[in-house]
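Engineer: Structure in structure tokens, see below.
This is the structure we're talking about:
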């Protein structure tokens, strides 16, 4: 689920507002691209995220869980602003990954494809600005339109959020996202308050990161004897079925097949503390790298 | 359960030939025979045709789940995990979530025999050959829905069986590659490939993206002709393609390497409806070497060479 943005626009990045922890972790810069004067089309949005050393996965670039977190953050603002005074929650993301190795920074661009009464569909492209703008990923994101209630949605337009500074003590993704160490087909995440969005539920990016880590661990455990080497998650389809409210959260994986150099993993994400409710379903392609 | 007058006597779904079994209020299975006319470069049923199968399955489940309302496919994803070599291929699906405005369905596709029993592959393994998900938008009920014959005794079995395909499905549907490098493929619209709204059937839309991607990636990279196959489709349906011809524009994100994956984004435009963008499809593909079983659209073929 995507975070609404409620801070004074253009103000300094903060590390105390829980609404910004997740996007700040990936140091995502965001800017609004207004439509031409007189156009009724919604704004487009740009974004830029460095590929910091502690965020690189075994594919050599920003791991897909990180890319999807940034996409969720940018696409959430893009979609939310397009339906103001209402707001949105993410209901699905479908990502095709072109390349796993990145120099960075990555540049994102988002545009609304369709605005309806109950949903917004947007397309987000990710390119490697440090590598001649070659394609990294293409994502289609769908959001449900909701009444924001008392949520503060005042913005200075056009919206601009600068890149947060690098934290030299930043934790690795598993630690930041409270993903327990382990191996095998089940991976657990503890629901820390910093991982909640303003709706009070687990951030969609955290779900994406959990799916990424869990799928890779499941494949590593399912390989044949002697079949070693690192793996990395790539193409991902993620459906947010219901919000994660309680925790802990379990990602239960089923490795479905082995085809060429990749395996496809079904990842069912359950809110254990909420009656073990199925909250998200992902399919993740895991590549040998 | 059938909608009066749909599909018409001659229709792509009947010519592919599908057996539908609704097994409960929230589950169903749909089966077709794997034939060379619907095969891809690996010899198995190509991803775009599997999308047709999955879309039928989703419709069979969703239609019953949303009554008396109606539904339309909002998105569809399909990821191949094996070759759909048959002899039959069956999609089995269930409702994952039913909300006020959307319905999410998950499906798995397996190689089966004519009775729906899973078969063991040449490598000695069985299991799914594809994983799929679909989201349906719930729409206000239509007059036709009140005419539906809905049984509450399961299983409910039906079949769409026509004359069969006498040539490759991409020729039958009259896909025409007008510019391979840009993945420009045109598709005329008529009732042969229509859904119950009179627009292009959702699975055929996915097949269009499959055909366009194969054309673009074979033109863009070092892959041998007939060697590229699609193994992942992520389809976002934005508007119905009603007028036509539907024209694709393909952006190659990464060309296929010798045995490595490639990817592309395909946009489908209804050229007869003010150039309206109807669909965006993210596609993953790879080269599997020269494919004798590969079936491609014939470049430069006239639509008149297809169905008529």
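Chains as they are written, first to last, in the numbering used here: chain A, 1 to 289; chain B, 290 to 597. No residue lacks a Cβ here, since even glycine has one placed at the ideal position from N, Cα and C.
What is the residue span of the alpha helix (DSSP H) that residue 301(B) lies within?
Structural biologist: Your numbering for residue 301(B) matches position 12 in the second chain. Its alpha helix (DSSP H) spans residues 301 to 305.
Engineer: Out of 473(B), 313(B), 361(B) and 349(B), state which residue places its alpha-carbon closest to the alpha-carbon of residue 441(B).
Structural biologist: If you number the second chain from 1, residue 441(B) lands on position 152. For the residues 473(B), 313(B), 361(B) and 349(B), the minimum Cα distance to residue 441(B) belongs to 313(B).
Engineer: Can you say whether residue 239(A) is buried or exposed, counting buried as having 16 or more other CB atoms within 10 angstroms of its CB?
Structural biologist: In the first chain, counting from the first residue as 1, residue 239(A) sits at position 239. Its Cβ being crowded by 16 or more others within 10 Å, residue 239(A) is buried.
Engineer: In the DSSP assignment, the beta strand (DSSP E) including residue 417(B) goes from what residue to what residue?
Structural biologist: In the second chain, residue 417(B) corresponds to position 128, counting from 1. Note, residue 417(B): beta strand (DSSP E), 417 to 428.
Engineer: On the three-state DSSP scale, how would you describe residue 461(B)?
Structural biologist: Within the second chain, numbered from 1, the residue matching residue 461(B) stands at position 172. Three-state DSSP puts residue 461(B) in a helix.
Engineer: Kindly indicate if chain A contains any beta-carbon less than 9 Å away from that of residue 543(B).
Structural biologist: One-based indexing of the second chain puts residue 543(B) at position 254. Yes, its Cβ sits closer than 9 Å to a Cβ of chain A.
Engineer: What does residue 344(B) pair with, by DSSP beta-bridge criteria?
Structural biologist: Within the second chain, the letter at position 55 stands for residue 344(B). For residue 344(B), which the question treats as bridged, DSSP gives no partner whatsoever.
Engineer: With DSSP collapsed to three states, give me the class of residue 128(A).
Structural biologist: Indexing the first chain from 1 puts residue 128(A) at position 128. In this structure, residue 128(A) counts as strand in the three-state DSSP scheme.
Engineer: Measure the C-alpha to C-alpha separation of residue 245(A) and residue 272(A) and round it to an integer number of angstroms.
Structural biologist: Counting from 1 along the first chain, the entry for residue 245(A) is found at position 245. Counting from 1 along the first chain, the entry for residue 272(A) is found at position 272. About 10 Å.
Engineer: Residue range of the beta strand (DSSP E) that residue 262(A) falls in?
Structural biologist: Locating residue 262(A) in the first chain gives position 262, counting from the first residue. Unbroken beta strand (DSSP E) run through residue 262(A): 262 to 271.
Engineer: Can you list, in chain order, the residues of its chain with a C-beta nearer than 6 Å to that of residue 65(A)? Leave out the 5 residues immediately preceding and following it.
Structural biologist: In the first chain, the residue the question calls residue 65(A) occupies position 65. Answer for residue 65(A): 208, 209 and 212, listed in chain order.
Engineer: Chain A beta carbons: is any one of them nearer than 9 Å to that of residue 316(B)?
Structural biologist: Numbered from its first residue, the second chain carries residue 316(B) at position 27. Closer than 9 Å: no.
Engineer: CB-CB under 7 Å to residue 384(B), same chain, minus the five flanking residues each way: which ones, in chain order?
Structural biologist: For this step, residue 384(B) is matched to residue 95 along the second chain. Within the same chain, residue 384(B) has close Cβ partners 315, 350, 354, 392 and 394.
Engineer: Should residue 460(B) be labelled buried (16 or more other beta-carbon atoms within 10 Å of its own) or exposed?
Structural biologist: Here the question's residue 460(B) lines up with position 171 in the second chain. It is buried - the Cβ of residue 460(B) has at least 16 other Cβ atoms within 10 Å.
Engineer: Is the CB-CB distance between residue 142(A) and residue 160(A) below 9 Å?
Structural biologist: Within the first chain, residue 142(A) is the residue found at index 142, counting from 1. Within the first chain, residue 160(A) is the residue found at index 160, counting from 1. No. Outside cutoff.
Engineer: Mind listing which residues of the segment 137 to 161 of chain A have their C-beta closer than 7 Å to chain B's C-betas, in chain order?
Structural biologist: So the list reads 138, 140 and 142, given in the order they occur along the chain.
Engineer: Following the continuous beta strand (DSSP E) through residue 287(A), name the residue where it begins and the one where it ends.
Structural biologist: Taking the first residue of the first chain as 1, we reach residue 287(A) at position 287. Where residue 287(A) is concerned, the enclosing beta strand (DSSP E) stretches over 277 to 288.
Engineer: Can you find a CB in chain B that lies within less than 9 Å of the CB of residue 98(A)?
Structural biologist: Counting from 1 along the first chain, the entry for residue 98(A) is found at position 98. Residue 98(A) counts as touching chain B.
Engineer: Can you pull the chain A residues whose beta carbon is under 7 Å from the beta carbon of residue 529(B), in chain order?
Structural biologist: Residue mapping note: residue 529(B) aligns to position 240 of the second chain, counting from 1. Here the premise fails: no neighbours, minimum Cβ distance about 12 Å.
Engineer: If residue 378(B) and residue 400(B) are in contact, beta carbons under 8 Å, what's the gap, nearest whole angstrom?
Structural biologist: Start at 1 with the first residue of the second chain, and residue 378(B) comes out as number 89. Start at 1 with the first residue of the second chain, and residue 400(B) comes out as number 111. At roughly 6 Å, the Cβ-Cβ gap stays under 8 Å, so residue 378(B) and residue 400(B) are in contact.
Engineer: Considering only DSSP beta bridges, list what residue 45(A) is partnered with.
Structural biologist: Your numbering for residue 45(A) matches position 45 in the first chain. Residue 45(A) pairs with 32(A) and 110(A).
Engineer: For residue 395(B), report the span of its beta strand (DSSP E) as first-last.
Structural biologist: In the second chain, residue 395(B) corresponds to position 106, counting from 1. Where residue 395(B) is concerned, the enclosing beta strand (DSSP E) stretches over 391 to 401.
Engineer: DSSP three-state label for residue 257(A), please.
Structural biologist: Taking the first residue of the first chain as 1, we reach residue 257(A) at position 257. Correct three-state label for residue 257(A): strand.
Engineer: Nearest by alpha-carbon distance to residue 527(B): which of 422(B), 488(B) and 503(B) is it?
Structural biologist: Walking along the second chain from the start, residue 527(B) turns up at place 238. That would be 488(B), whose Cα lies nearest to the Cα of residue 527(B).
Engineer: Give a yes or no on whether 9 Å exceeds the smallest Cβ distance from residue 571(B) to chain D.
Structural biologist: Among the chains of the structure shown, chain D does not appear; the protein chains present are A and B.
Engineer: What first and last residue would you give for the alpha helix (DSSP H) that runs through residue 176(A)?
Structural biologist: Walking along the first chain from the start, residue 176(A) turns up at place 176. It spans 173 to 176 - the alpha helix (DSSP H) in which residue 176(A) sits, taken as one unbroken run.
Engineer: So does the segment 527 to 541 of chain B actually touch the segment 469 to 478 of chain B, counting three or more Cβ pairs closer than 8 Å?
Structural biologist: Touching, yes.
Engineer: What residues of chain B sit near residue 316(A), judged by a beta carbon separation below 8 Å?
Structural biologist: Given a span of 1 to 289 for chain A in the structure shown, any question on residue 316(A) remains unanswerable.
Engineer: In chain A, which residues lie with their C-beta within 7 Å of the C-beta of residue 552(B)?
Structural biologist: Within the second chain, the letter at position 263 stands for residue 552(B). In chain order: 96 and 98.
Engineer: If distances are taken between C-alpha atoms only, which option among 109(A), 164(A), 162(A) and 147(A) comes closest to residue 139(A)?
Structural biologist: Within the first chain, residue 139(A) is the residue found at index 139, counting from 1. Residue 139(A) has its Cα closest to that of 109(A), out of 109(A), 164(A), 162(A) and 147(A).
Engineer: In this structure, what does DSSP give as the bridge partners for residue 382(B)?
Structural biologist: Your numbering for residue 382(B) matches position 93 in the second chain. Answer is 317(B) and 396(B), bridged to residue 382(B).
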